Amino acid sequence: MSTWDLTFFYSSPEDKKIKEDFEESLRQIKKLRQQYYDKLSDPSLTPNELKNFFQEFENVLKTHNFTYQYCHLLYDSNTQDETAQKLYEMAKDYDSKIEMESSFWKPRLLKQSDGKLNQLMNDQELKDYTHVLERLVESKSHILSEDAEKVLAAMYNSSRGGFEELYGRLTSSYTFKLEIDGEVKELTDPQVRALRRKPDVKLRRQAMKEFFKKYDEDSLIFEKTYNSIVKNYDTEASLRNFKKPISMRNLNNEVEDEIVETVIKVTTDKTPMVHRYYKWKGKKLGIEQTLADIYAPLAKVEKEYTFEEAQKIVLDSYYEFDEEIGEIVESFFKERRIDSEIRKGKRGGAYASYAIPNRKPFILLNFTGTLSDVSTLAHELGHGVHGTLASEQNIWNYHPPLTMAEVASVFGEMLVMDKILPTLAEEERTAYLASNVEGMFSTMFRQNMIARFEISSHNLIEQNGSANWKELAELYKNELEIMFGDSVMIPQEYYYEWASIPHIYRTPFYVYAYNFANLLVLALYQQYKVEGKSFVPKYKELLRSGAKDSPKELLKKIGIDISKRDFWERGFEFIEKEFINKLD
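Laid out in structure tokens, this is it:
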């Protein structure tokens with residue numbers, strides 16, 4: 001197993017420099033406000049002055065985000081540790097202050113005339129900030145007054161942000177007692193979820209019953225937390241003049257409402273593919289499946305992988321694709337920028353953290369030894385590759401929108417799948433293909449189902465002022481029935497599954513980005529299969545571009561038009577042809 005070496009940031013959680021760096025960032029942002037407050041709205045503002053503003057602001061953000069990233073990683077390492085809790089609270093407090101002090105720049109700059117903004121946007125001296133200005137102008141009707149922006153920034157941690165933290169801290173504290181092989185064991189969230197991939201039917205079903213029972217017991221907390229987050233998010237969307245709540249996320253993702261609606265509709269229309277697959281799997285397993293069985297292995301004994309074995313598979317896959325990318329991936333292991341160990345109090349799930357363009361992302365996962373975990377390692381390292389290659393951008397063009405953020409990660413999973421398949425015997429190959437179909441269904445159909453649940457739950461809360469635990473469970477049950485039809489039975493405890501989905505609490509309307517990216521990657525991967533090594537430079541350039549242009553424009557350069565419905569349909573046709581038909 002691997003644990004982080006966070007001395008890359010600071011010598012220890014007691015390092016006085018942590019608070020000093022936060023204080024220095026706050027001092028510098030106040031100085032920046034004083035210096036540029038009037039200048040940004042002055043009609044005589046020069047391109048050079050605006051460029052200096054962006055560069056000075058970037059220096060502040062680099063220091064602040066570096067320190068914030070450390071506190072966040074430390075906290076996620078052990079959410080129960082008091083020192084980490086206090087540092088994270090301090091980090092969020094400074095983050096709120098930085099956000100509040102810097103909230104002036106957009107309203108002030110938007111006081112300039114359209115002609116002046118257009119002139120600045122097209123000035124050669126500001127070429128590195130063209131897309132920043134394009135996005136600012138595009139969001140003009142959604143930017144509030146300076147005072148209103150300041151209030152929203154100041155109140156975040158005591159409103160939506162506070163509920164997000166409550167959710168994270170509560171769910172990270174959960175442990176579950178289950179009898180396994182005659183012995184009662186206390187398991188963490190990732191360990192219980194991993195049991196869904198075990199051959200023992202009774203164990204799978206009991207594990208998920210116990211898992212969701214915990215959420216049902218705390219239903220009042222989840223109901224109140226979710227309602228509060230939804231109302232806060234939707235109120236902000238309304239104040240910012242968005243047609244609907246999801247539109248606020250779509251603008252951040254740089255994708256039109258119509259494209260997102262098309263992706264959701266096309267995916268929903270393709271759900272008979274899910275029904276067909278699980279009817280096939282039920283016959284193959286010889287059981288009447290429930291939702292607890294949808295990840296059950298076809299092979300009688302599921303192969304387990306050590307972390308070292310997983311590392312080798314993933315490293316070889318990336319190296320065979322490209323030497324430079326292989327070296328980037330290897331650096332994560334050499335420099336101990338991966339925390340894979342399972343510990344009580346550690347945040348569940350997996351993510352890659354890249355706060356500033358310094359070529360040093362960090363990765364968290366909870367490795368239990370399943371084949372799925374090998375894919376997760378490849379997935380998060382894909383994010384790490386993206387964050388590393390995009391480091392040649394300034395901080396303004398660094399973080400890709402969510403619609404592009406999942407591209408490198410899913411592409412990495414495809415590389416690993418191609419690496420593993422030829423090594424398997426026929427029965428193992430069928431099982432592995434099935435496992436990958438289930439992974440794609442999870443990334444596409446399941447995330448689409450969750451996106452639909454979010455839309456309907458936000459609508460219900462807006463119409464009625466709130467939604468109780470039973471009403472939210474009923475909405476989720478309806479979505480489960482659409483996705484699975486009559487191919488599996490839906491136990492009642494699964495009605496509460498929505499409460500265990502962290503993204504709907506932490507980043508409302510995030511989840512459709514997974515489906516968006518997966519369909520995008522299927523197109524990119526087919527292109528790679530046709531073009532071979534000549535595709536690699538184009539792919540790397542896409543990742544190096546970060547967010548310097550909109551997804552539509554970046555993808556247009558490699559021949560992809562995301563505005564066409566048939567583009568999205570082709571991804572499902574590929575899955576049917578290359579996976580499901582072969583299983584049949």
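Using the UniProt record's numbering, the letters of the sequence shown correspond one by one to residues 1 to 584.
Using N, Cα and C, we set each Cβ at its ideal position, and we do this for glycine too.
Predicted model only: the values in this text are computed from it and were never measured.
For residue i, which three-state DSSP category applies?
{"i": "Met1", "result": "coil"}
{"i": "Asp339", "result": "strand"}
{"i": "Thr271", "result": "coil"}
{"i": "Lys209", "result": "helix"}
{"i": "Thr511", "result": "Correcting the residue type first, residue 511 is Val in the shown sequence and not Thr. In the structure shown, Val511 sits in coil (DSSP, three-state: anything other than H, G, I, E or B)."}
{"i": "Leu45", "result": "coil"}
{"i": "Thr443", "result": "helix"}
{"i": "Thr79", "result": "coil"}
{"i": "residue 587", "result": "There is simply no residue 587 to check, as the chain begins at 1 and stops at 584 in what is shown."}
{"i": "Leu298", "result": "coil"}
{"i": "Thr290", "result": "strand"}
{"i": "Val255", "result": "coil"}
{"i": "Val60", "result": "helix"}
{"i": "Val184", "result": "strand"}
Go through its chain and collect everything with a Cβ distance to residue i's Cβ below 7 Å, but skip five positions before and after it.
{"i": "Glu569", "result": "Val266"}
{"i": "Ser228", "result": "Phe163"}
{"i": "Lys548", "result": "His131, Gln393 and Asn397"}
{"i": "Glu576", "result": "Met273"}
{"i": "Lys303", "result": "Leu371"}
{"i": "Ser145", "result": "Pro107"}
{"i": "Glu330", "result": "Leu315"}
{"i": "Glu125", "result": "Pro47, Asn48 and Lys51"}
Give me, in chain order, the residues of the same chain whose beta-carbon lies closer than 8 Å to that of residue i; leave out the 5 immediate sequence neighbours on both sides.
{"i": "Phe66", "result": "Phe9, Asp21, Ala355, Ile356 and Asn358"}
{"i": "Lys185", "result": "Lys177, Leu178 and Glu179"}
{"i": "His379", "result": "Ala350, Ser409, Val410, Gly412 and Glu413"}
{"i": "Met100", "result": "Lys150, Ala153 and Ala154"}
Using the Cβ count rule (16 or more neighbours within 10 Å means buried), how would you classify residue i?
{"i": "Gln447", "result": "buried"}
{"i": "Tyr318", "result": "buried"}
{"i": "Leu402", "result": "buried"}
{"i": "Gly387", "result": "buried"}
{"i": "Gly559", "result": "exposed"}
{"i": "Arg27", "result": "exposed"}
{"i": "Arg565", "result": "exposed"}
{"i": "Asn530", "result": "Before going on, a small fix: residue 530 reads as Val here, not Asn. By the neighbour-count rule (16 or more Cβ atoms within 10 Å), Val530 is not buried but exposed."}
{"i": "Ile18", "result": "buried"}
{"i": "Thr543", "result": "The sequence shown places Leu at residue 543, rather than the Thr named in the question. Buried, by the Cβ-count rule."}
{"i": "Thr3", "result": "exposed"}
{"i": "Thr79", "result": "buried"}
{"i": "Leu239", "result": "exposed"}
{"i": "Asn464", "result": "exposed"}
{"i": "Pro43", "result": "exposed"}
{"i": "Ile287", "result": "exposed"}
{"i": "Pro537", "result": "exposed"}
{"i": "Leu421", "result": "exposed"}
{"i": "Lys281", "result": "buried"}
{"i": "Asp486", "result": "exposed"}
Residues in the same chain with beta-carbon distance under 6 Å from residue i, minus the five sequence neighbours each way, listed in chain order, please.
{"i": "Leu61", "result": "Ile395"}
{"i": "Lys92", "result": "Asn157"}
{"i": "Tyr167", "result": "Thr225 and Tyr505"}
{"i": "Met404", "result": "Pro551"}
{"i": "residue 616", "result": "The question about residue 616 has no answer, for the chain in this structure spans 1 to 584."}
{"i": "Ser456", "result": "Leu475"}
{"i": "Met248", "result": "Ala237 and Phe242"}
Any chance the CB of residue i is under 8 Å from a heavy atom of the ligand FAD?
{"i": "Glu223", "result": "Of ligands this structure carries none, so the ligand FAD is not represented either."}
Enumerated in chain order, which unbroken segments of the beta strand (DSSP E) with a length of 3 residues or greater are wholly contained in the region 351-378? 351-353 and 362-364
Identify every run of the alpha helix (DSSP H) within the region 140-179, keeping only runs that are complete inside it and at least 4 residues long; order them along the chain. 146-155 and 160-172
Any 3 or more C-beta pairs closer than 8 Å across the region 493-504 and the region 371-389: no
Segments of 4+ residues assigned as alpha helix (DSSP H) that fall wholly inside the region 510-544: 512-531 and 536-544
Pairing CB atoms from the region 51-69 with CB atoms from the region 92-107, are three or more of them under 8 Å? yes
Is there contact between the region 84-99 and the region 146-162, where contact requires at least three CB pairs shorter than 8 Å? yes
The region 413-432 touching the region 189-207, judged by at least three CB pairs closer than 8 Å: no
The region 436-444 in contact with the region 204-219 per 3-pair CB rule at 8 Å: no
Quick check: the region 134-152 against the region 462-475, are there 3 or more CB pairs under 8 Å? no
Return the chain-ordered ranges of every alpha helix (DSSP H) run that is complete within the region 384-411 and spans a minimum of 4 residues. 402-405
Does the region 509-518 come into contact with the region 406-416, if we say contact requires no fewer than three beta-carbon pairs (one atom in each stretch) closer than 8 Å? yes
Decide if the region 358-368 is in contact with the region 322-337; the criterion is three or more beta carbon pairs, one per stretch, under 8 Å apart. yes
Quick one: which unbroken alpha helix (DSSP H) runs of 4-plus residues sit fully inside the region 79-106? Chain order, please. 82-102
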